[in-house]
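Colleague:
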C-alpha cells in the first residue's frame, strides 16, 4: 500500500494513503472555495487541513493535481465573475 510521505503534523496527513487523499480531493476543493467565499486571508487558508492535503497531493502527483496557490487564483477569478 502506498503511503503519502510527509512529516507528521497537526493535520495527521502522514497516516493517509494516496488513494484516500485522492478520494478527498473534491471535498478539499469545496472547503477551499468556502474559505475564499468567507473572505479568509491567504495566511489563514494556508494553515488549514484542506490546504495541507491539497499541497500534499500536488507534491506527490504534480502532473495530476495543481498547486493550492494556483487553485486559489482560479477560484477567486470564478467567484468574482459570479459576483
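Residue numbers (the numbering used here): 1 to 83. We put the CB at the ideal spot given by N, CA and C, even for glycine.
1) Using a C-beta cutoff of 8 Å, does residue 43 count as contacting chain C?
2) Per DSSP, what kind of secondary structure is residue 69 in: helix, strand or coil?
3) Please report the Cβ distance between residue 50 and residue 31, rounded to the nearest whole angstrom; I am assuming they are in contact, meaning their Cβ atoms lie under 8 Å.
4) Is residue 79 closer than 8 Å to residue 37 when the C-beta atoms are compared?
5) Where residue 23 and residue 29 are concerned, what is the direct C-alpha to C-alpha distance, given to the nearest angstrom?
6) Buried or exposed, going by whether 16 or more other CB atoms sit within 10 Å of the CB of residue 35?
Modeller: So, from the data block:
1) This model lacks chain C altogether; it includes just one protein chain.
2) Assignment of residue 69 by DSSP, reduced to helix, strand and coil, places it in the helix class.
3) Confirmed, Cβ separation roughly 4 Å.
4) In contact: residue 37 and residue 79 (Cβ atoms closer than 8 Å).
5) Rounded to whole angstroms, the gap between the alpha carbons of residue 23 and residue 29 is 12 Å.
6) In this structure residue 35 is buried. Its beta-carbon is surrounded by 16 or more other beta-carbon atoms within 10 angstroms.
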